[in-house]
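There are 2 protein chains.
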Amino acid sequence: MADDPPRTRIQQKNRAAILDAALEVFSQHGFRGATLDQIASASGLSKPNVLYYFPSKEAIHEALVGGLIDTWVQPLHDLDPNGDPVEEILAYVGRKLAMSREMPRESRLFANEIVQGAPRFGTEITGRFKALVDEKAAVIRDWAEAGRLNPLDPYHLIFSIWATTQHYADFDVQVRGILAPKGDEHFDDAARFLAALYRAGLTPPDPR
Amino acid sequence: MADDPPRTRIQQKNRAAILDAALEVFSQHGFRGATLDQIASASGLSKPNVLYYFPSKEAIHEALVGGLIDTWVQPLHDLDPNGDPVEEILAYVGRKLAMSREMPRESRLFANEIVQGAPRFGTEITGRFKALVDEKAAVIRDWAEAGRLNPLDPYHLIFSIWATTQHYADFDVQVRGILAPKGDEHFDDAARFLAALYRAGLTPPDPR
DNA sequence: GTCTATATAAGGATAGAC
DNA sequence: GTCTATCCTTATATAGAC
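Quick note, the sequences are listed as chains A and B, same order.
Quick note: the first sequence, position 75, residue 75 per UniProt numbering, numbers continuous.
Quick note: the second sequence, position 108, residue 108 per UniProt numbering, numbers continuous.
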């Protein structure tokens with residue numbers, strides 16, 4: 001997974017340019033829809049030159065996904081079992097929504113892959129990904145059992161948070177087609193909405 | 001939009017077989033990733049024979065999308081302004097989740113298209129689609145202003161319902177990778193979770 | 001390291017026999 | 001209506017000069 005880093009500055013710069021261009025192209029067109037021509041022209045290099053840095057189109061895609069997956073699960077990783085349950089989950093929602101705002105291309109890269117059955121994800125989902133979700137779901141379950149959280153299925157809670165937050169990146173054209181925002185203001189409205197929805201859903205019933 | 005229906009039984013049968021095969025292939029691989037070879041072999045016809053019924057790959061895709069879009073928005077269309085606000089919205093959530101369970105290929109067909117920027121959707125989104133959403137958002141806003149619903153942004157409420165329900169179709173491999181259900185039982189858990197979340201979020205604060 | 005030229009394969013679409 | 005054979009474009013990847 002961790003290749004030897006390239007030696008010269010030029011190599012680093014070109015590799016980075018290729019990966020940035022590839023993120024743009026793969027996230028917009030999917031793996032199959034993306035062409036090396038598009039990646040080459042977006043990176044400012046010639047097509048054979050791109051293939052000098054990466055052996056194949058698939059290798060570029062792998063390098064992208066491999067480099068991003070850790071970033072992608074970081075918000076869930078940061079869910080603190082020692083924090084206040086409702087506030088911790090609301091903060092998680094906030095981090096995920098911020099990622100949709102700041103890294104929409106990465107979100108669509110993953111979405112493209114998963115919608116199409118994750119043919120290039122190998123054991124990532126059932127491996128460390130599932131392990132992290134299981135761990136955090138157990139934390140949420142314990143919170144609920146201690147009466148500090150309205151008892152909700154922790155797995156479906158996590159799914160709903162992924163769905164609602166990633167929606168603003170993955171279905172961006174639909175959201176913008178309906179709201180017609182000038183810039184990113186609608187993310188602030190989304191943040192308020194999601195905070196209100198999840199606060200109401202998560203706050204445990206008052207035992208009095 | 002409404003082509004003349006084919007005349008003979010054989011034509012109807014073959015057209016239907018092609019559209020069903022195309023739904024399977026387009027939803028799994030996206031427009032670009034799908035090939036006429038795959039569609040032909042899945043429909044049991046030869047490639048030229050497929051092109052006898054439809055003039056091009058794009059025409060097959062158009063016929064599919066055009067035929068499905070009305071079905072797709074029906075659940076929102078059925079939201080009744082004269083019903084009980086909370087129950088109406090919960091019923092809408094239920095209808096959308098049922099569609100993800102029963103029509104996952106259709107959901108992924110749309111998801112593929114929208115994630116990639118809806119290049120073949122034309123004015124559907126900003127046209128009648130947006131008009132319907134605007135209409136129903138106004139209904140929800142009125143309910144909230146009458147104090148019959150916890151005041152939440154109606155647009156983001158609708159987005160969240162789309163996101164949470166379609167997630168079970170669009171991200172099916174991820175959901176199954178984490179839950180490892182034998183069949184569709186997890187949809188019942190999802191239904192219970194979403195009902196609880198939205199009931200808590202939508203019920204207006206008791207004015208006493 | 002980067003380019004031009006090209007090999008090779010896949011895929012959309014058509015021609016024409018039956 | 002359906003098939004075989006084929007055209008032609010696009011796209012991945014490589015060869016080899018510079």
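Heads up, the beta-carbon is just placed ideally off N, CA and C, and yes, glycines get one too.
Remember, predicted model here, so these are calculated numbers, not experimental data.
Is it right to say residue i is buried, meaning 16 or more other beta carbons lie within 10 angstroms of its own, or is it exposed?
i: H156 (chain B); result: buried
i: I158 (chain B); result: buried
i: A2 (chain B); result: Legend: pLDDT at A2 (chain B) = 49, less than 50; position of this residue unreliable, value from coordinates given subsequently. That one is exposed.
i: H77 (chain A); result: exposed
i: S46 (chain A); result: exposed
i: Y168 (chain A); result: buried
i: D170 (chain A); result: buried
i: I89 (chain B); result: buried
i: A131 (chain A); result: exposed
i: N150 (chain A); result: buried
i: K96 (chain A); result: buried
i: G122 (chain B); result: exposed
i: G44 (chain A); result: exposed
Which bits of chain B does residue i rub up against, with CB to CB less than 9 Å?
i: K96 (chain A); result: Under the 9 Å cutoff, chain B gives no residues; its nearest Cβ is about 12 Å from K96 (chain A).
i: L157 (chain A); result: F193, L197
i: R148 (chain A); result: Ordered by position in chain B, no residue passes the 9 Å Cβ test against R148 (chain A), which lies about 16 Å from the chain.
i: G201 (chain A); result: A196, L197, Y198, R199, A200, G201
Considering only the beta carbon of each residue, do residue i and residue j sit closer than 8 Å?
i: Q116 (chain B); j: G30 (chain A); result: yes
i: I161 (chain A); j: V86 (chain A); result: no
i: A200 (chain A); j: A200 (chain B); result: yes
i: L152 (chain A); j: S27 (chain A); result: no
i: L79 (chain A); j: K136 (chain A); result: yes
i: L36 (chain A); j: A63 (chain A); result: no
Nearest-angstrom Cα distance between residue i and residue j?
i: residue 213 (chain B); j: Q12 (chain B); result: Beyond the ends of chain B as shown, which are 1 and 208, falls residue 213 (chain B); an answer cannot be given.
i: R32 (chain B); j: V133 (chain B); result: 29 Å
i: L197 (chain B); j: N14 (chain B); result: 45 Å
i: S100 (chain B); j: S56 (chain A); result: 36 Å
i: P75 (chain B); j: A42 (chain A); result: 41 Å
i: I60 (chain B); j: D70 (chain B); result: 17 Å
i: L194 (chain A); j: V173 (chain B); result: 25 Å
i: P81 (chain B); j: P154 (chain A); result: 33 Å
i: D188 (chain A); j: A17 (chain B); result: 46 Å
i: E124 (chain A); j: L68 (chain A); result: 12 Å
i: R120 (chain A); j: T8 (chain A); result: 30 Å
i: R105 (chain B); j: I39 (chain B); result: 14 Å
i: I10 (chain A); j: Y52 (chain A); result: 13 Å
i: G66 (chain B); j: N112 (chain B); result: 15 Å
i: T126 (chain B); j: V139 (chain A); result: 42 Å
i: V175 (chain B); j: Q166 (chain B); result: 12 Å
i: H83 (chain B); j: M103 (chain B); result: The question names His, but residue 83 (chain B) is Gly in the sequence shown. C-alpha separation (whole angstroms): 26 Å.
i: A191 (chain B); j: T203 (chain B); result: 18 Å
i: F54 (chain B); j: R141 (chain B); result: 44 Å
i: G183 (chain B); j: H186 (chain A); result: 38 Å
i: A144 (chain B); j: E145 (chain A); result: 33 Å
i: D206 (chain B); j: A91 (chain B); result: 22 Å
Who are the neighbours of residue i on chain A, taking C-beta pairs under 9 Å?
i: A111 (chain B); result: A111, V115, D170, F171
i: R32 (chain B); result: H29, G30, R32, G33, A34
With a threshold of 8 Å between beta carbons, is residue i in contact with chain A?
i: R105 (chain B); result: no
i: S125 (chain B); result: In the sequence as displayed, the identity of residue 125 (chain B) is Ile instead of Ser. I125 (chain B) counts as touching chain A.
i: H29 (chain B); result: yes
i: V86 (chain B); result: no
i: D153 (chain B); result: yes
i: H77 (chain B); result: no
i: Q174 (chain B); result: yes
Name the chain B residues whose beta carbon is nearer than 7 Å to that of residue i?
i: R108 (chain A); result: V115
i: V133 (chain A); result: I178
Find the residues of chain A that neighbour residue i, judging by a C-beta separation of less than 7 Å, and give them in chain order.
i: K130 (chain B); result: G177, I178
Using a Cβ-Cβ distance under 8 Å, would residue i count as near chain B?
i: Y92 (chain A); result: no
i: A118 (chain A); result: yes
i: residue 216 (chain A); result: With chain A covering only 1 through 208, there is no way to say anything about residue 216 (chain A).
i: D189 (chain A); result: yes
i: H167 (chain A); result: yes
Counting only Cβ pairs nearer than 8 Å, list the residues of chain A close to residue i.
i: T164 (chain B); result: F159, S160, A163, T164
Any heavy atom of the ligand ADP closer than 7 Å to the CB of residue i?
i: Q74 (chain B); result: Absence of the ligand ADP is noted for the structure shown, with no ligands found whatsoever.
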